[in-house]
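Contents: one structure, followed by commentary.
2 protein chains.
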Amino acid sequence: ANSADEALSLKKNDTLYQVSTINSLLAGNYDGFISSGELKNYGDVGIGTFNALDGEMVMIDNTAYKVKSTGEVVKVSDTETTPFAVVTHFDKDATVELTNIANLDALKAELDKLIENKNLFYVFRIDGTFKTIQARSVPRQEKPYPVMTEAVKQQSVFSFTNVTGSIVGIWCPDYIGGVNVPGYHFHFISEDRTQGGHLLDVSFDKALAFADSTDGFVMAVSPTEPEGSVKDLGSELDAVEQ
Amino acid sequence: ANSADEALSLKKNDTLYQVSTINSLLAGNYDGFISSGELKNYGDVGIGTFNALDGEMVMIDNTAYKVKSTGEVVKVSDTETTPFAVVTHFDKDATVELTNIANLDALKAELDKLIENKNLFYVFRIDGTFKTIQARSVPRQEKPYPVMTEAVKQQSVFSFTNVTGSIVGIWCPDYIGGVNVPGYHFHFISEDRTQGGHLLDVSFDKALAFADSTDGFVMAVSPTEPEGSVKDLGSELDAVEQ
Ligand SMILES: [Zn+2]
Ligand SMILES: [Zn+2]
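Chains as they are written, first to last, in this note's numbering: chain R, 264 to 505; chain L, 264 to 505.
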């Protein structure tokens, strides 16, 4: 592929846009190749990470935030790049009130009810005041990059209580293989944009969940190959998601 | 996703466009949902099948052909739909002359040398006069649709000798999971467009191979769910590919 930049037209609001693959990220390919500025053209809500695995990305209201491993949250400049992210132009296809959620598994069980077609992709946004949130972030890595199961050993875990904010997440079908994480993957950001991270656990009395189902999937594969390799996709995914 | 049909712009010539997933097809979802006319907007070269699993699709020079299970080849109308296809706007990123290919495995071994980045997708077109070609097609299925391992038991196998034509195929990365077939998948069509099918084996003295690498992947997920399910992706893929 190399000829004129003729455009392929796809419906914007029915499309999940993904940068790279989870397989490539697990194998240690942390080289960013799509800028935050470009990413905002493809979606206004989503999750991801940054060049050199430098923190957790939360895209919300078309603004990209970085949760550093120090816990500090910063607004991201348009030139900063990502090696892995998933965003969509968010529509509220379904809205439900969730009550008395004791933990992350209970949240997943409730959201499962909104997944009517298990072949589609779903993006979720959950707004509320959360009794407890446990979240993590990872520090910037140096080359040669370690594989992700090694990198996450340096993660910082944050605990927040009675914090108002939004959980942003995606759900991918079982057939997704090493393209993305099968099932759920959530990030959190507080309403005042000062706290957040990759969500490890949550509890709350009441929150509003919005679901967006998409039947269009677009992926931009990384031009660089990872340093390492993935030996056991399932167990490595389990290791980095926790 | 449901709001205005605003367009997402992607580079046309760097994109592989896929209809549905191999997982859905294996599970018996043969309901076409993208028309051949629409498919031609997304690519001029590719492979696939038709509504009700009615034959093998070869897209070449932006024309879609159907190889029926009777062996007859027909040009497809723009209204005919597909439940699974992969097409691209083909660029000749690399051209090599292949000589003395004894069988399909030997062809794959030669094409492997053109796969410089195992994270990308590759589309191949191989033009030549082939000493032997073994190809198959499958008959139209009736609802309730059987899973694909059942449907292919009714396949017809064709043997051609000294036939001039084109092999069209794609290569998908290992991480692709149930999205598509990992590795190679080829279809054949004769130059006079009267013979073809899903390629089972081939031998030839000399042919010209063109490779197109793409880093953009677009998938349209089926709105319908399959009747059956996939128990063992790897072994079911092996069963239907032969
Ligand atoms: Zn995360
Ligand atoms: Zn085929």
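Ideal Cβ positions, reconstructed from N, Cα and C, are used throughout, including at glycine.
| Check | Outcome |
| --- | --- |
| Which listed residue (Val-493/L, Asn-380/L, Glu-343/L and Phe-384/L) has its alpha carbon closest to that of Glu-490/R | Asn-380/L |
| Under 8 Å from the C-beta of Leu-288/R: neighbouring residues of chain L | Ordered by position in chain L, no residue passes the 8 Å Cβ test against Leu-288/R, which lies about 11 Å from the chain. |
| Close Cβ partners of Asn-363/R (< 7 Å) along its chain, the five nearest in sequence each way excluded | Asp-468 |
| Contact under 9 Å by Cβ, Phe-296/L with Glu-343/L | no |
| Three-state class that DSSP yields for Ala-327/L in the structure shown | strand |
| Residues near Thr-507/R by beta carbon distance below 7 Å, same chain, minus five either side | Residue 507/R is absent from the structure shown; chain R starts at 264 and stops at 505. |
| Identity of the residue in Glu-335/R, Gln-281/R, Ser-492/R and Val-481/R nearest Gly-309/R by Cα | Gln-281/R |
| Length of the line joining the Cα atoms of Ser-299/L and Asn-325/L | 10 Å |
| Segment contact flag, the region 421–436 of chain R with the region 271–278 of chain R, C-beta cutoff 8 Å, min 3 pairs | no |
| Sub-9 Å separation of Gly-311/R and Thr-345/R beta-carbons | yes |
| Test: Asn-265/L CB closer than 9 Å to a CB of chain R | Reliability of the predicted coordinates at Asn-265/L is poor, the pLDDT of 47 falling under 50, and the value obtained from them is presented with this limitation in mind. Asn-265/L counts as touching chain R. |
| Glu-405/L: contacting residues in chain R (beta-carbon distance under 8 Å) | Within 8 Å Cβ-Cβ: nothing; Glu-405/L doesn't reach chain R, min ~22 Å. |
| Completely contained beta strand (DSSP E) runs for the region 462–488 of chain L, where each covers 3 or more residues | 479–483 |
| Partner residues on chain R for Val-484/L, Cβ-Cβ distance less than 9 Å | Asn-380, Asn-382, Leu-383, Phe-384, Pro-436, Thr-477, Asp-478, Gly-479 and Phe-480 |
| Beta-carbon neighbours of Thr-333/L, restricted to chain R and to distances below 7 Å | Those within 7 Å of Thr-333/L in chain R number zero; the least Cβ separation is about 32 Å. |
| C-alpha distance - Asp-375/L paired with Pro-445/R, whole-angstrom precision | 29 Å |
| C-beta atoms of Ser-466/L and Val-426/L nearer than 9 Å | no |
| CB contact below 9 Å: Val-442/L versus chain R | yes |
| Limits of the beta strand (DSSP E) - the one that Lys-394/R falls within | 384–400 |
| Cutoff 9 Å: Thr-278/R Cβ touching any chain A Cβ | The structure shown contains no chain A; the protein chains it does contain are R and L. |
| Proximity test, Cβ basis, 9 Å: Ala-270/R and chain L | yes |
| Within chain L, the residues that Tyr-234/R reaches when beta carbons sit closer than 8 Å | This structure does not reach residue 234/R, given that chain R is present from 264 up to 505, and the question cannot be answered. |
| Cβ separation of Thr-404/L and Leu-463/L, assumed to be a contact under 8 Å, to the nearest whole Å | Just to set this straight, residue 404/L is Gln in the shown sequence, not Thr. With 8 Å as the limit, Gln-404/L and Leu-463/L do not qualify as a contact, their Cβ atoms being about 20 Å apart. |
| Min CB distance Asp-439/R to chain L below 9 Å | Per the sequence shown, the amino acid found at residue 439/R is Ile instead of Asp. So, interface residue. |
| Close-in-space but distant-in-sequence residues of the same chain around Val-330/L (CB under 6 Å, 5 per side omitted) | Gly-318, Glu-319, Val-336, Ser-400, Gly-459 and Gly-460 |
| Coil, strand or helix - Gly-459/L by DSSP | strand |
| Buried versus exposed, by CB contacts within 10 Å (16 or more), Asp-455/L | exposed |
| Rounded C-alpha distance that separates Phe-384/L from Gly-440/R | 15 Å |
| Bounding residues of the alpha helix (DSSP H) (the contiguous stretch that carries Thr-412/R) | 411–414 |
| Counted within 10 angstroms of its Cβ, other Cβ atoms place Val-420/L as buried (16 or more) or exposed | exposed |
| Best match in Thr-284/L, Ser-272/L and Leu-361/L for proximity to Asp-478/R [C-alpha to C-alpha] | Thr-284/L |
| Contact under 9 Å by Cβ, Tyr-293/R with Tyr-408/R | yes |
| Three-state class that DSSP yields for Val-308/R in the structure shown | strand |
| Under 8 Å by beta carbon: chain L residues contacting Glu-490/R | The premise fails here: Glu-490/R is roughly 13 Å from chain L at the closest Cβ pair, so nothing lies under 8 Å. |
| Alpha carbon of Pro-486/R to alpha carbon of Lys-394/R, nearest angstrom | 42 Å |
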